[in-house]
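At position 398 of the sequence shown the residue is numbered 398 (UniProt numbering), and the sequence of numbers has no breaks.
Cβ atoms here follow ideal geometry from the backbone N, Cα and C, with glycine treated the same way.
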Amino acid sequence: MDHFDLRDGVLHAEDVPLSLIAEEVGTPVYVYSTATIERHVHVFREALAGVADPWIAFAVKANPNRAVLATLARLGLGADVVSGGELLRARAAGLAAEKIVFSGVGKTADEMALALREGIGQFNLESEPEAEMLSAVATSLGVTAPVAFRINPNVDAGTHAKISTGKSEDKFGVAYDRALAAYELARNLPGLRVQGVAVHIGSQLTDLAPSRAAFEKVGLLIAELRANGHEITTADLGGGLGVPYDPSLPLPPSPAAYGEMVRDVTAGWNVRLVFEPGRVIVGNAGILLSRVVRVKQGSADPFVIVDAAMNDLLRPSLYDAWHHIRAVVPRGPSFTANIVGPICESGDTFAKKRPMDQVEPGDLVAFMTAGAYGATMANTYNSRPLTPEVMVSETNWAIVRNRQPIEMLIAADDLPPWLDEEAA
Ligand SMILES: *Cc1c(COP(=O)(O)O)cnc(C)c1O
1 MDHFDLRDGV LHAEDVPLSL IAEEVGTPVY VYSTATIERH VHVFREALAG VADPWIAFAV
61 KANPNRAVLA TLARLGLGAD VVSGGELLRA RAAGLAAEKI VFSGVGKTAD EMALALREGI
121 GQFNLESEPE AEMLSAVATS LGVTAPVAFR INPNVDAGTH AKISTGKSED KFGVAYDRAL
181 AAYELARNLP GLRVQGVAVH IGSQLTDLAP SRAAFEKVGL LIAELRANGH EITTADLGGG
241 LGVPYDPSLP LPPSPAAYGE MVRDVTAGWN VRLVFEPGRV IVGNAGILLS RVVRVKQGSA
301 DPFVIVDAAM NDLLRPSLYD AWHHIRAVVP RGPSFTANIV GPICESGDTF AKKRPMDQVE
361 PGDLVAFMTA GAYGATMANT YNSRPLTPEV MVSETNWAIV RNRQPIEMLI AADDLPPWLD
421 EEAA
């Protein structure tokens with residue numbers, strides 16, 4: 001559910017007409033709804049009712065905008081970060097260090113030192129050499145790092161290959177059958193304090209069975225580790241719950257169904273459960289607002305050329321992702337069209353042969369469910385400045401990331417001395 005609705009024939013974000021934001025800020029622009037973010041946090045928490053003190057660490061990579069993170073910090077969430085940059089952004093937004101989990105296969109010694117100085121709650125280690133490096137960094141700082149190993153359970157998450165992370169051939173985690181040996185190694189490393197087990201099998205999961213299979217393996221491992229004398233106090237079940245993109249497809253499992261499965265599988269584990277939801281918290285809370293530049297005749301269906309492009313919203317070209325596209329002021333009739341951006345790549349296509357609201361040049365369109373992995377993946381390809389972002393709360397709205405002037409992009413490059421006539 002979201003808070004983007006037609007009122008008097010105009011699509012609104014909460015109480016604010018999207019046409020107003022387009023006029024004042026220009027397009028393309030991302031628009032986030034505070035009420036939708038709050039609702040999704042509430043729904044996720046409700047789904048976990050009965051789980052003692054769940055540690056909900058928002059996956060920052062889904063949407064690292066400071067206003068989004070600050071909204072989540074107010075709601076008491078923690079963060080799952082995958083870089084030193086994300087860690088600093090999370091801290092700058094007011095997220096508590098002890099509620100931060102650090103994931104990722106390539107943490108550098110500098111990033112480890114930063115996280116240790118900040119005092120984060122858990123490092124999710126993804127290999128034995130990473131454990132050795134973290135121990136050395138922690139020892140040199142005179143501290144002990146709280147760690148879990150991320151286990152690769154070798155289950156097929158049934159999602160797009162590029163966002164599937166739990167198969168043995170994927171780069172993530174320690175193979176399940178090597179896990180006991182990895183914990184043995186960690187026990188003897190002086191800079192580490194083993195506290196948990198972690199797993200994350202992928203994103204946009206639309207079936208609970210693979211997650212259940214992965215969690216069951218975590219449960220077995222916890223029992224084996226305890227039998228070997230390890231003290232396990234946390235179990236991190238990762239993120240990945242899917243959201244509805246295409247209204248014609250069956251709904252993905254609800255947070256309530258997910259919560260029920262979690263309670264069932266983890267009964268008796270006697271650990272603090274950690275969750276790393278990203279998409280399910282922010283996906284439906286954002287849209288990308290764009291204007292139709294022109295409509296061009298195609299061999300069959302027309303090409304609707306909008307002013308947003310793959311640099312603003314990469315998901316369709318990267319993952320063949322499907323976004324519902326709505327007219328902000330629907331004219332009534334619908335048509336079938338190809339929706340494309342202005343970038344010089346055929347991959348800059350948002351939708352092919354899409355039945356949608358009929359639009360004409362100058363009309364506004366909204367790409368729905370663009371709050372996760374949208375603005376965060378934006379780039380400046382074709383020298384298009386990063387997409388600005390707006391946050392709405394009831395009747396209020398504010399720009400939470402400015403549109404960068406093109407001069408900033410130009411000024412970011414430097415000439416080498418032999419090309420710099422002013423320096424010569
Ligand atoms: C990306 C990621 C998540 C969040 O995934 P969603 O599908 O957005 O919920 C959680 N944990 C880890 C380790 C991740 O890499």
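1) Would you kindly work out how many angstroms separate the C-alpha atoms of threonine 369 and arginine 326, rounded to a whole number?
2) With DSSP as the reference, identify every bridge partner of valine 280, one or two as the case may be.
3) Do threonine 234 and valine 274 have their C-beta atoms closer together than 7 Å?
4) Assuming contact is defined by CB atoms lying nearer than 7 Å, are leucine 289 and valine 29 in contact in what I supplied?
5) Go to lysine 99, then tell me how far its alpha helix (DSSP H) extends in each direction, as first and last residue.
6) Taking buried to mean at least 16 other C-beta atoms within 10 Å of its own C-beta, is histidine 230 buried or exposed?
7) For leucine 386, which residues in the same chain have their Cβ closer than 7 Å to its Cβ, ignoring the five residues on either side in sequence?
8) Kindly confirm or deny that the segment 250-265 and the segment 204-214 touch, where touching means at least three C-beta pairs closer than 8 Å.
9) Among Leu87, Val329, Thr395, Arg39, which has the Cα closest to the Cα of glycine 9?
10) Report the three-state DSSP secondary structure of tryptophan 55 (helix, strand or coil).
11) Identify, in the order they occur along the chain, each residue of the same chain with its Cβ nearer than 8 Å to the Cβ of serine 383, setting aside the five sequence neighbours on each side.
12) If you follow the beta strand (DSSP E) that aspartate 357 is part of, which residue opens it and which one closes it?
13) Within a Cβ cutoff of 7 Å, which residues of the same chain sit near isoleucine 399, ignoring the five residues on either side of it in sequence?
14) Do three or more CB pairs link the segment 115-127 to the segment 97-107 at distances below 8 Å?
15) Alpha carbon to alpha carbon, what distance is there between aspartate 420 and asparagine 402?
16) Could you pull out every residue in the same chain whose Cβ sits closer than 8 Å to the Cβ of asparagine 154, ignoring the five residues on either side in sequence?
17) Rounded to the nearest angstrom, what separates phenylalanine 172 and alanine 70 at their Cα positions?
18) Let me know the secondary structure DSSP gives proline 146 once reduced to three states.
19) Rounded to whole angstroms, what's the CA-CA distance from tyrosine 319 to valine 60? Just pull it up for me.
20) Quick check on the DSSP output: what are the complete alpha helix (DSSP H) runs of length 4 or more inside the segment 242-304, in order along the chain?
21) Kindly indicate the opening and closing residues of the alpha helix (DSSP H) around serine 317.
22) Please report how far the alpha carbon of tyrosine 245 lies from the alpha carbon of glycine 374, in whole angstroms.
23) Could you check which residue in Gly240, Gln297, Arg45 has the C-alpha nearest to that of valine 280?
24) Among Ala79, Ile339, Gly332, Arg39, whose alpha-carbon lies nearest the alpha-carbon of valine 304?
25) Per DSSP, valine 78 is paired with what?
26) Suppose contacts are defined by Cβ-Cβ distances below 7 Å. Is residue 428 in contact with valine 31 by that definition?
27) Within 10 angstroms of its Cβ, does histidine 42 collect 16 or more other Cβ (buried), or is it exposed?
28) Between which two residues does the alpha helix (DSSP H) containing aspartate 312 stretch?
29) Can the beta-carbon of alanine 372 be found closer than 7 Å to that of alanine 62?
30) Return the residue from the list Thr336, Val243, Lys217 that minimises the CA-CA distance to proline 255.
31) Just to confirm before moving on: does the CB-CB distance between alanine 337 and proline 361 stay below 7 Å?
32) With DSSP collapsed to three states, give me the class of phenylalanine 172.
33) Do aspartate 357 and threonine 27 have their C-beta atoms closer together than 7 Å?
34) Classify residue 427 as helix, strand or coil using the three-state DSSP reduction.
35) For the segment 334-420, list the beta strand (DSSP E) runs that are entirely contained and at least 3 residues long, ordered along the chain.
Looking at the atomic coordinates:
1) Distance between the alpha carbons of threonine 369 and arginine 326 is about 11 Å.
2) DSSP output for valine 280 lists no bridge partner at all.
3) Cβ distance < 7 Å, so threonine 234 and valine 274 count as in contact.
4) Yes, Cβ-Cβ distance for leucine 289 and valine 29 is below 7 Å.
5) The continuous stretches of alpha helix (DSSP H) do not include lysine 99, and DSSP gives it neither H nor E.
6) That one is buried.
7) Counting only Cβ-Cβ distances below 7 Å, and skipping sequence neighbours, we find Ala378, Thr380, Gln404.
8) Inter-segment contact for the segment 250-265 and the segment 204-214 is present: three or more beta-carbon pairs are separated by less than 8 Å.
9) The shortest C-alpha separation from glycine 9 is found at Val329.
10) Tryptophan 55: strand per DSSP, three-state reduction.
11) In chain order, Ile406, Leu409 place their CB closer than 8 Å to the CB of serine 383, counting only its own chain and leaving out the 5 sequence neighbours on each side.
12) First-last of the beta strand (DSSP E) with aspartate 357: 349-357.
13) For isoleucine 399, the CB contacts under 7 Å within the same chain, skipping 5 residues up- and downstream, are Val25, Pro388, Val390 in chain order.
14) These segments touch.
15) Separation of asparagine 402 and aspartate 420 (C-alpha to C-alpha, rounded to the nearest whole angstrom) is 31 Å.
16) Result list for asparagine 154: Gly166, Lys167, Ser168, Ala175, Tyr176, in chain order.
17) Rounded to whole angstroms, phenylalanine 172 to alanine 70 spans 29 Å at the Cα level.
18) In this structure, DSSP gives proline 146 an extended state, which the three-state scheme calls strand.
19) Between the alpha carbons of tyrosine 319 and valine 60 lies a distance of about 20 Å.
20) Counting whole runs of 4 or more residues, the segment 242-304 contains the alpha helix (DSSP H) stretches 255-266, 279-282.
21) Residue range 315-319 is occupied by the alpha helix (DSSP H) that includes serine 317.
22) Tyrosine 245 and glycine 374 have their C-alpha atoms roughly 13 Å apart.
23) Nearest of Gly240, Gln297, Arg45 to valine 280, Cα basis: Gly240.
24) When each option's Cα is compared against that of valine 304, the closest is Ile339.
25) Residue 78 is actually glycine in this sequence, not valine. DSSP lists Ala57 as partners of glycine 78.
26) It is not possible to answer for residue 428, since the shown part of the chain is limited to 1 through 424.
27) By the Cβ-count criterion, histidine 42 is exposed, with fewer than 16 other Cβ atoms from all chains shown falling within 10 Å of its own Cβ.
28) Unbroken run through aspartate 312: none, as it is neither H nor E.
29) Taking 7 Å as the Cβ cut-off, alanine 372 and alanine 62 qualify as a contacting pair.
30) The shortest Cα separation from proline 255 among Thr336, Val243, Lys217 belongs to Val243.
31) With contacts defined as CB atoms closer than 7 Å, alanine 337 and proline 361 fail to qualify as a contacting pair.
32) Note: phenylalanine 172 maps to coil in three-state DSSP.
33) No, Cβ-Cβ distance for aspartate 357 and threonine 27 is not below 7 Å.
34) It is not possible to answer for residue 427, since the shown part of the chain is limited to 1 through 424.
35) Along the segment 334-420, the beta strand (DSSP E) occurs as fully enclosed runs of 3 or more residues at 334-340, 349-357, 364-367, 389-393, 396-401, listed in sequence order.
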